[in-house]
Every structure is written in C-alpha cells, then in structure tokens.
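In our numbering, the protein residues as written are -8 to 171.
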C-alpha cells in the first residue's frame, strides 16, 4: 500500500508539471526527451480515433497496457518471467528511442541548452566568472590548505572546465583561509 502512495505522489507531481508547467519533467530539467517521449500525445491521438497519429508520436504505445498489466499482477507472475519481460520491454524502448534519435524524429528533443539544469549551471558559472580572487591575496601557511587548494584545482577544474579556478579559492575561503 505504501508503494501505491508513492505512485500517486509521482503521478500527481507529473500531472502538475503537465497542467501548469513546461510539460515533461525530464525534458524541462535536462533538455532531453525520455524513452517514452510522445506517449501521452500518442494516447490522445488514439482516443480521438487517429491510430496513425498515435504510432507517429510513439510506436510502442500498445505495449504500455501490457507492461501495466504485468506490473499490476507482479506477485502472481513467476519472478523469472516477470524480470525477462520487463528487461525485454525496456530494451525495446531503448532501441526504438535510439532509432528515433538517429532518424531525427521531430517528436524528440535533444537540446541540453534548453534544460533548467544547464541554464542554472551557466548562471552559476557567470556568477563565479565575475568574482576574481587572485591567488596572491591568500596567505597560505598551512601545508594542508595548500594541498587542498591544489587538489581542488586538479579535481574541480577538469570536472567542471567552465568554472574558473576562483571556485577553488572560494572553497578555501569557506574553510577558513587567512587573508594577507
């Protein structure tokens, strides 16, 4: 019963996203369509009697009721059969998704720059670029702090190449580094 509460919560949040927000939560956050992109529009087309339109939006829409049936009766289905079926369905969705991407399907979007997380990253990067903290203003007596500074520069800069080295200095400031 607890799992059903989580399902209801997720359905509620996604519904709020669709009704009042930008649509698909994954596409809004990452700028990338998910494996099921177009599924809602496919069922809307099907309910309007347009089967061809339903297949246009997502060719695997007929599989969803079958998968839902399997999930609903999970305890009555042998575990091996359930696992193999779910792996098969996921693999099928993955292959269709990759095929649709390779064919430049107009339903799918793949633009990371439209995602909220990318835009937040750019905003934070621009904030840090405007903060210039030269290394000469620090008085590093403690060898541990010197090692931390070098480690931050070695690890953070390659992982986040768009962030400047000043980010490492700001991290050291937060750790209690002394000014000259």
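Every residue gets a Cβ at the ideal spot worked out from N, C-alpha and C, and that includes glycine.
- Message: To the nearest angstrom, how far is the alpha carbon of residue 57 from that of residue 113?
- Response: Rounded to the nearest angstrom, the two C-alpha atoms are 42 Å apart.
- Touching or not, the segment 86 to 94 and the segment -5 to 4, by the rule of three or more beta carbon pairs under 8 Å? Contact between the segment 86 to 94 and the segment -5 to 4 is not established, with fewer than three Cβ pairs separated by less than 8 Å.
- Pick out whichever of 20, 43 and 22 has its Cα sitting closest to the Cα of residue 181. This structure leaves residue 181 out entirely; the chain is present only between -8 and 171.
- Message: Between the alpha carbons of residue 51 and residue 84, how many angstroms are there, rounded?
- Response: Distance between the alpha carbons of residue 51 and residue 84: 7 Å.
- Task: Leaving aside the five residues before and after residue 20 along the sequence, list all residues of the same chain whose C-beta is less than 8 Å from its C-beta, in chain order.
- Result: Once the five neighbours on either side are set aside, the close Cβ partners of residue 20 are 106, 107 and 108.
- Item | Range of the contiguous alpha helix (DSSP H) that encloses residue 56 | For residue 56, the uninterrupted alpha helix (DSSP H) run begins and ends at 54 to 63, by DSSP.
- Helix, strand or coil for residue 78, going by three-state DSSP, please let me know. Residue 78 sits in a helix when the DSSP states are folded into three classes.
- Query: Among the residues of its own chain, which have a CB less than 7 Å from the CB of residue 65, if the five just before and after it don't count?
  - Reply: Counting only Cβ-Cβ distances below 7 Å, and skipping sequence neighbours, we find 73.
- Excluding sequence positions up to five away, which residues of its chain have a Cβ less than 6 Å from the Cβ of residue 49? The residues are 29, 30 and 33.
- How about residue 6 and residue 101: are their beta carbons less than 8 Å apart? Result no, Cβ atoms of residue 6 and residue 101 do not sit closer than 8 Å.
- Span separating the alpha-carbon of residue 127 from that of residue 116: A caution first: residue 127 carries a pLDDT of 48, below 50, which makes its placement in the model too unreliable to give a value.
- How about residue 22 and residue 104: are their beta carbons less than 8 Å apart? At a Cβ-Cβ threshold of 8 Å, residue 22 and residue 104 count as neighbours.
- Task: Quick one: residues in its chain with C-beta nearer than 8 Å to the C-beta of residue 98, no 5 flanking neighbours on either side, listed in chain order?
- Result: For residue 98, where only same-chain residues beyond five positions count, the Cβ hits under 8 Å are 24, 28, 29, 32, 47, 48, 49 and 91.
- Classification of residue 39 by the beta-carbon crowding that lies within 10 angstroms, buried from 16 upward: Residue 39 is classed as exposed because its beta carbon has fewer than 16 other beta carbons within 10 Å across all chains shown.
- Which residues share a DSSP beta bridge with residue 23? Residue 23 pairs with 101.
- Contact check, residue 61 vs residue 82 under 8 Å by CB: the rounded distance? Residue 82 and residue 61 do not touch by the CB rule: their CB atoms are close to 15 Å apart, not below 8 Å.
- Message: Suppose you measure from the CA of residue 110 to the CA of residue 15; what does that come to, to the nearest Å?
- Response: Their Cα atoms are separated by approximately 17 Å.
- Query: What is the DSSP secondary structure of residue 50, counted as helix, strand or coil?
  - Reply: Collapsing the DSSP output to three states places residue 50 in coil.
- Task: Kindly indicate which three-state DSSP category residue 106 falls into: helix, strand or coil?
- Result: In this structure, residue 106 counts as coil in the three-state DSSP scheme.
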